[in-house]
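See below for the structure under consideration.
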Amino acid sequence: MGILNDLGVDENRLTGIVKKHDESMKWMYENMENLQKSYASKFIAIYNKKIVGSDAKKTELFNTLKQKYTDDELEEIYIDFINPKGYILIL
Numbered sequence: 005m006g007i008l009n010d011l012g013v014d015e016n017r018l019t020g021i022v023k024k025h026d027e028s029m030k031w032m033y034e035n036m037e038n039l040q041k042s043y044a045s046k047f048i049a050i051y052n053k054k055i056v057g058s059d060a061k062k063t064e065l066f067n068t069l070k071q072k073y074t075d076d077e078l079e080e081i082y083i084d085f086i087n088p089k090g091y092i093l094i095l
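Okay, structure coming up:
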């Protein structure tokens, strides 16, 4: 048994969520040019390779999603911010 199981975390469920988020992130970057045209300076929610919501405020987006999706579905929804085209983020 792993430490996550010891903590009561379903490792298979967690692995599935991470896989869904990875797939969503990959889809987002593959479609970034179109996303920047439609969603620049907004947070987007991706579920099963589809945009299921967007808002300038992350909390507003999440509140909207909570009304439409179950807790399990919410865990699988990937949320990210779409920077305008040409925007450079320096960390």
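Under the numbering used here, the residues of the sequence shown are numbered 5 to 95, in order. Ideal placement from N, C-alpha and C gives every residue a C-beta, glycine not left out. Predicted model only: the values in this text are computed from it and were never measured.
Pair within 8 Å by beta-carbon distance, residue i and residue j
i, j, result
"D84", "M36", "no"
"S58", "F66", "no"
"Q40", "K72", "no"
"E80", "I21", "yes"
From the options, residue whose alpha carbon lies closest to that of residue i
i, options, result
"I86", "L78, I50, G12 and L69", "I50"
"K24", "N16, N52 and G6", "N52"
"V96", "T19, S28 and G90", "Summary: the structure shown does not reach residue 96, with the chain confined to residues 5 through 95, and so no result is reported for it."
Residue interval of the alpha helix (DSSP H) (run including residue i)
i, result
"G20", "E15 to E34"
Under the three-state DSSP convention, the category residue i falls into
i, result
"K41", "helix"
"K89", "coil"
"I94", "coil"
"I81", "coil"
(message) If we require 4 or more residues per run, which alpha helix (DSSP H) segments fall completely within the stretch 51 to 79?
(response) 62 to 72
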